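Each remark here refers to the structure printed beneath this line.
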Amino acid sequence: MKFQALREQVCEANLATVKHGLVALTWGNVSAVDRNRGIVAIKPSGISYEELTPENMVICELASGSVHPGPFDPSSDTPTHLHLYRSFPSIGAIVHTHSSYATAWAQLARPLPCYGTTHADHFRGTIPVARPLSGDEIAGNYEHAAGVSIVDTFCANHLNPDHVPAVFLPGHAPFVWGPKLRPAVDNAVALEEVACMALLMGAGHNAAPSPLDPRIVDKHYSRKHGADAYYGQATTPKRGIIPS
Ligand SMILES: [Zn+2]
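Numbering (my numbering), first residue to last: 1301 to 1544.
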């Protein structure tokens, strides 16, 4: 099968997030880019981890977002991954999970300072929170806008994505990356641990978390339920092309 080695590596990395306890149900997705061939391999949308095989990893064009022919639609978060690969040329793999402690921190919508050496071993300073999305961004190409919000935040704060390979989407969860799959997964594990340690220390306990923006509540619910749902695999002909 074409791109077999990349498919195998991306499948293995997706399964590693489960092994490390970062993933429940179908939450989360891992991808990797082959910049020489201009392609990205990513987990299919809404497929259980028990069913993941190298063959059902989805291949997309890095530049256009076009999906190579195959039985499955890619992760609904693919436009976020593509925008990060296009904007951060040194990164090679991306891990998105809803791991409990890192997601708790994302839901506090607070930057996570470096409290100790475990953090400093992986991240050179504070893990930032991406800027909130506008109403138009939520209503439009939401997953692409999430990527734009991450890149905007790194640019506005002069952050180097090689030094700080993680970000919190406020009210959502972390996106983590690295030069290759293994360090990207390791960074996701490290972020979960340092978020846990921060909460154990009492950091964030004086925060008053805000309920999620109701527009994002509706967006996420309707991604999975109802006539316009697009999470998971289409029962009618595949969408084929992802907006770039
Ligand atoms: Zn998510």
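Every residue, glycine too, gets a C-beta built ideally from N, C-alpha and C.
Note that the coordinates shown come from a computational prediction; the quantities given were computed from them, not determined experimentally.
Where G1478 is concerned, the enclosing beta strand (DSSP E) starts and stops at 1474 to 1478. In the DSSP assignment, C1311 falls within the unbroken alpha helix (DSSP H) covering 1304 to 1319. Excluding the 5 residues flanking it on each side, S1376 has same chain C-beta neighbours closer than 7 Å at S1345, E1443, R1523, Y1530, Y1531, in chain order. For H1396, no alpha helix (DSSP H) run applies; the uninterrupted beta strand (DSSP E) run containing it begins and ends at 1393 to 1396, by DSSP. The count of Cβ pairs closer than 8 Å, one atom from the region 1301 to 1310 and one from the region 1350 to 1361, reaches three, so the stretches are in contact. Between the region 1499 to 1513 and the region 1322 to 1337 there are fewer than three inter-stretch CB-CB distances shorter than 8 Å, so the stretches are not counted as touching. 8 Å or more divides the Cβ of A1456 from the Cβ of V1429.
In this structure, Q1309 sits away from L1433, with a CB-CB distance that is not shorter than 8 Å. CA-to-CA, the gap between I1339 and I1359 works out to about 7 Å. The three-state secondary structure of P1374, taken from DSSP, is strand.
Check the Cα spacing between L1469 and each of C1311, A1406, L1382, G1392: the tightest is with A1406. With a threshold of 16 other beta carbon atoms within 10 Å, G1447 meets it and is buried. By a beta-carbon distance limit of 8 Å, V1467 contacts I1450. Their separation comes to about 5 Å.
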